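S.K.: From first to last, the protein sequence lines are chains D and A.
So in this note's numbering the end of the first sequence lands on 443, straight run, no missing numbers.
So in this note's numbering the end of the second sequence lands on 443, straight run, no missing numbers.
Number of protein chains: 2
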Amino acid sequence: MTEPLYRMVYRKVIERIADGTYPPGAMLPNEFELAADLGVSQGTARKALSSLEDRAIVQRRQGKGTFVILRTPENSLFHFFRLRTKTGEQVTPEPHTETITKRKATAAERATLFENPSHVFEITRVRSFEGKPLCMEQSVVPSELFPGLMERAPLKNALYVMFQQAYSCIIISAEEHLHASLADGEMAEFMGIAEGTPVLVSERVTRDLLERTVEMRKGIFVTEDLTYFVEMN
Amino acid sequence: MTEPLYRMVYRKVIERIADGTYPPGAMLPNEFELAADLGVSQGTARKALSSLEDRAIVQRRQGKGTFVILRTPENSLFHFFRLRTKTGEQVTPEPHTETITKRKATAAERATLFENPSHVFEITRVRSFEGKPLCMEQSVVPSELFPGLMERAPLKNALYVMFQQAYSCIIISAEEHLHASLADGEMAEFMGIAEGTPVLVSERVTRDLLERTVEMRKGIFVTEDLTYFVEMN
DNA sequence: TACAAGTATTCTTATATAAGTTTCAACGAG
DNA sequence: CTCGTTGAAACTTATATAAGAATACTTGTA
Numbered sequence: 211m212t213e214p215l216y217r218m219v220y221r222k223v224i225e226r227i228a229d230g231t232y233p234p235g236a237m238l239p240n241e242f243e244l245a246a247d248l249g250v251s252q253g254t255a256r257k258a259l260s261s262l263e264d265r266a267i268v269q270r271r272q273g274k275g276t277f278v279i280l281r282t283p284e285n286s287l288f289h290f291f292r293l294r295t296k297t298g299e300q301v302t303p304e305p306h307t308e309t310i311t312k313r314k315a316t317a318a319e320r321a322t323l324f325e326n327p328s329h330v331f332e333i334t335r336v337r338s339f340e341g342k343p344l345c346m347e348q349s350v351v352p353s354e355l356f357p358g359l360m361e362r363a364p365l366k367n368a369l370y371v372m373f374q375q376a377y378s379c380i381i382i383s384a385e386e387h388l389h390a391s392l393a394d395g396e397m398a399e400f401m402g403i404a405e406g407t408p409v410l411v412s413e414r415v416t417r418d419l420l421e422r423t424v425e426m427r428k429g430i431f432v433t434e435d436l437t438y439f440v441e442m443n
Numbered sequence: 211m212t213e214p215l216y217r218m219v220y221r222k223v224i225e226r227i228a229d230g231t232y233p234p235g236a237m238l239p240n241e242f243e244l245a246a247d248l249g250v251s252q253g254t255a256r257k258a259l260s261s262l263e264d265r266a267i268v269q270r271r272q273g274k275g276t277f278v279i280l281r282t283p284e285n286s287l288f289h290f291f292r293l294r295t296k297t298g299e300q301v302t303p304e305p306h307t308e309t310i311t312k313r314k315a316t317a318a319e320r321a322t323l324f325e326n327p328s329h330v331f332e333i334t335r336v337r338s339f340e341g342k343p344l345c346m347e348q349s350v351v352p353s354e355l356f357p358g359l360m361e362r363a364p365l366k367n368a369l370y371v372m373f374q375q376a377y378s379c380i381i382i383s384a385e386e387h388l389h390a391s392l393a394d395g396e397m398a399e400f401m402g403i404a405e406g407t408p409v410l411v412s413e414r415v416t417r418d419l420l421e422r423t424v425e426m427r428k429g430i431f432v433t434e435d436l437t438y439f440v441e442m443n
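1. Closer than 8 Å by beta-carbon distance: list the chain D residues that pair up with Glu263 (chain A), in chain order.
2. Going along the stretch 385 to 397 of chain D in order, which residues come within less than 7 Å of chain A, judged by CB to CB distance?
3. Would you tell me roughly how many angstroms separate the C-alpha atoms of Thr297 (chain D) and Ser349 (chain A), rounded to the nearest one?
4. When we look at the beta-carbon of Gln374 (chain A) and count the other beta-carbons within 10 Å, is it buried (16 or more) or exposed?
5. Determine the DSSP secondary structure at Gly159 (chain A), reduced to helix, strand or coil.
6. Is there a C-beta anywhere in chain D that falls below 9 Å from the one on Arg292 (chain A)?
7. So is Asn443 (chain D) in contact with chain A if we call contact Cβ pairs under 9 Å?
8. Answer with yes or no whether the minimum CB distance from Glu413 (chain D) to chain A is below 9 Å.
9. So if DSSP puts Val440 (chain A) in a beta bridge, which residue, or which two residues, is it bridged to?
10. Three-state secondary structure (DSSP) at Met362 (chain D)?
11. Assuming Lys312 (chain D) and Phe331 (chain D) make a contact with CB atoms under 8 Å, what is their CB distance in whole Å?
12. Closer than 9 Å, CB to CB, is His289 (chain A) near chain D or not?
13. Cβ atoms of Tyr377 (chain A) and Arg281 (chain A): under 9 Å apart, would you say?
14. Going along chain D, which residues have a C-beta under 9 Å from Ser383 (chain A)?
15. Just to confirm the assignment: which complete alpha helix (DSSP H) runs, minimum length 4, are found wholly within the stretch 295 to 381 of chain D?
16. Within the continuous beta strand (DSSP E) that includes Phe400 (chain A), where are the two ends?
17. What three-state label does DSSP hand Ile267 (chain D) in the structure shown?
18. Excluding the 5 residues preceding and the 5 following Ala398 (chain D) in the sequence, name in chain order all residues of the same chain whose CB lies nearer than 8 Å to its CB.
19. Does the stretch 214 to 221 of chain A touch the stretch 252 to 262 of chain A, meaning 3 or more C-beta pairs lie closer than 8 Å?
20. How far does the alpha helix (DSSP H) with Ile224 (chain A) in it reach, from first residue to last?
21. What separation, rounded to the nearest whole angstrom, lies between the Cα atoms of Ile430 (chain A) and Val409 (chain A)?
22. What residue from D:Leu355, D:Pro343, D:Ile333 and D:Val415 has the CA that sits closest to Ile461 (chain D)'s CA?
23. Could you tell me which chain A residues have their CB closer than 8 Å to the CB of Leu410 (chain D), listed as they occur along the chain?
24. With which residues is Gly275 (chain A) paired in a DSSP beta bridge?
25. Whose C-alpha, out of A:Leu355, A:Ala393 and A:Val336, is nearest the C-alpha of Pro327 (chain A)?
Put into structure tokens, the structure is as follows:
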């Protein structure tokens, strides 16, 4: 019933990462220091750090130390952009067009996003791969959580890297719902593909370190040459 | 350089599950017994059991014991059948038609499947949900690994449950490649849907406890009312 | 039914050794 | 003297053992 100590350590470390005590990429105190600091034994601190590593919140390297995960364009893309070539290779899409607007949140957005925001930023991007239009992504985030976002345009390829660097908001997990559909007229024109092309539609909610739902994203993918890759364990 | 002890314990337990020493659903010896048996300390055995639990190979319950995972139609479906309703509820499809044939393996199948089989069983099933055709699945398995499979028809809804119960073959992981497509004439007729309906196509390879690729599966899903659910961590 | 005893696991602490990484001073070759 | 190598020291995490306390579950008994 009561929370195990290692769980408490786990939470405390997450708190400290979230409040900037341990900034992105920073080295954490070693196991003994952390243990002494929180009044537990080294083994208990170790167990907490291990599960933080399992969740990809920190990285540990023998002989070096424990570091807060640093989102790079590479690992962010690898983790959250699931399109692969037919042979399984990673795809690096090139940004194409980008628009950012601020608008009122829809009822669904207000209900889902963190702190029931009244206003959101909507970031729409078309990306291409090897010259062909590849996907259209529309990302919706609470405006209060990302002040000054519009002034940062044009945004980098990897949104989540920017979220971490500029806002200390570390994206940890996401849920996606996929379905097959046909490109309608508007969509086709926007992306530069033929109307009626089969497309993979994804609707994602994204959560950060503090389990806050910080993004809703809709993606339209052209999967003529590519596939969406899923692992099940 | 040398294999850690806990890793050895991990392997030994997997071996014993695979060779039937610990059959599906069976209780393993407790941590102290297992440790004594393999000549390690209880903490080391514990570490191995924990990682087996992380991989969903065993289930542990404080006060009860450690048990070999038992695939039930429920958990198998939950884990490997990813279609959900728009509100996120689990879907239980009803089997519709089923055909099993034995045939020569294609070059791709021979290259991918365990032990480069010359012959395979091909299980084709159409399933429906709430009266509507939902999906067509074509599962290909090496015939040598599943002797007498054809005599078992009609197969149950959950193939992997039967693999475990009848052949002690425990499915642990799978990789899937998804893309959007249009139902062609043959496909449409077979499933009872309109030609040109957008469908989600999945190509899966499935691995068992011993990391053997024991199945290749192609699925065609009608995602008009349903979505394919993916979690990213 | 309620309670107590027994069993099994988890949680926590403690200690020791192994093994990677970095730093830096000492040393030798040129 | 300068440069590069060597090696020790100090740091880190990783592995392993041992042992006691707390918690969860089962079962026997009143």
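We treat Cβ as the ideally placed atom computed from N, Cα and C, and that holds for glycine.
Here the structure is a predicted model, which is why all the values come from computation and not from measurement.
M.R.: So, from the data block:
1. Within chain D, no residue has its CB atom less than 8 Å from the CB of Glu263 (chain A), the nearest being about 12 Å off.
2. Within the stretch 385 to 397 of chain D, Glu385, Glu386, His387, Leu388, His389, Ala390, Ser391 and Leu392 place their CB atoms closer than 7 Å to a CB of chain A, listed in sequence order.
3. Roughly 21 Å separates the two Cα atoms.
4. Result: buried.
5. Residue 159 (chain A) is absent from the model: chain A starts at 211 and stops at 443.
6. Put simply, the CB of Arg292 (chain A) is near chain D, with a gap under 9 Å to one of its CB atoms.
7. At a cut-off of 9 Å, the C-beta of Asn443 (chain D) has a neighbouring C-beta in chain A.
8. Interface residue, yes.
9. As computed with DSSP, Val440 (chain A) is found in a beta bridge with D:Glu386.
10. One point to set straight first is that residue 362 (chain D) is Arg, not Met, in the sequence displayed. DSSP places Arg362 (chain D) in helix when its eight states are reduced to three.
11. About 6 Å separates the beta carbons of Lys312 (chain D) and Phe331 (chain D), which is inside the 8 Å limit, making them a contact pair.
12. With respect to chain D, the C-beta atom of His289 (chain A) has a partner C-beta closer than 9 Å.
13. Taking 9 Å as the Cβ cut-off, Arg281 (chain A) and Tyr377 (chain A) do not qualify as a contacting pair.
14. Those are Glu441, Met442 and Asn443, listed as they occur along chain D.
15. Listed in chain order, the complete alpha helix (DSSP H) runs (minimum 4 residues) inside the stretch 295 to 381 of chain D are 317 to 322 and 369 to 377.
16. Counting along the chain, no beta strand (DSSP E) covers Phe400 (chain A); the unbroken alpha helix (DSSP H) around it starts and ends at Gly395 to Met401.
17. In the three-state reduction of the DSSP assignment, Ile267 (chain D) falls in the coil class, being assigned neither a helical nor a strand state.
18. Apart from sequence neighbours up to five positions away, the residues of its chain that approach Ala398 (chain D) with a beta-carbon distance below 8 Å are Ala404, Glu405, Gly406 and Thr407, ordered along the chain.
19. With three or more CB-CB distances shorter than 8 Å, the stretch 252 to 262 of chain A counts as touching the stretch 214 to 221 of chain A.
20. Taken as a continuous stretch (DSSP letters only), the alpha helix (DSSP H) holding Ile224 (chain A) covers Leu215 to Ala228.
21. If you draw a straight line from the Cα of Ile430 (chain A) to the Cα of Val409 (chain A), it is about 6 Å long.
22. With chain D covering only 211 through 443, there is no way to say anything about residue 461 (chain D).
23. Those are Leu388, His389, Ala390 and Leu410, listed as they occur along chain A.
24. Per DSSP, the beta bridge partners of Gly275 (chain A) are A:Arg271.
25. Nearest neighbour of Pro327 (chain A) by Cα position, chosen from A:Leu355, A:Ala393 and A:Val336, turns out to be A:Leu355.
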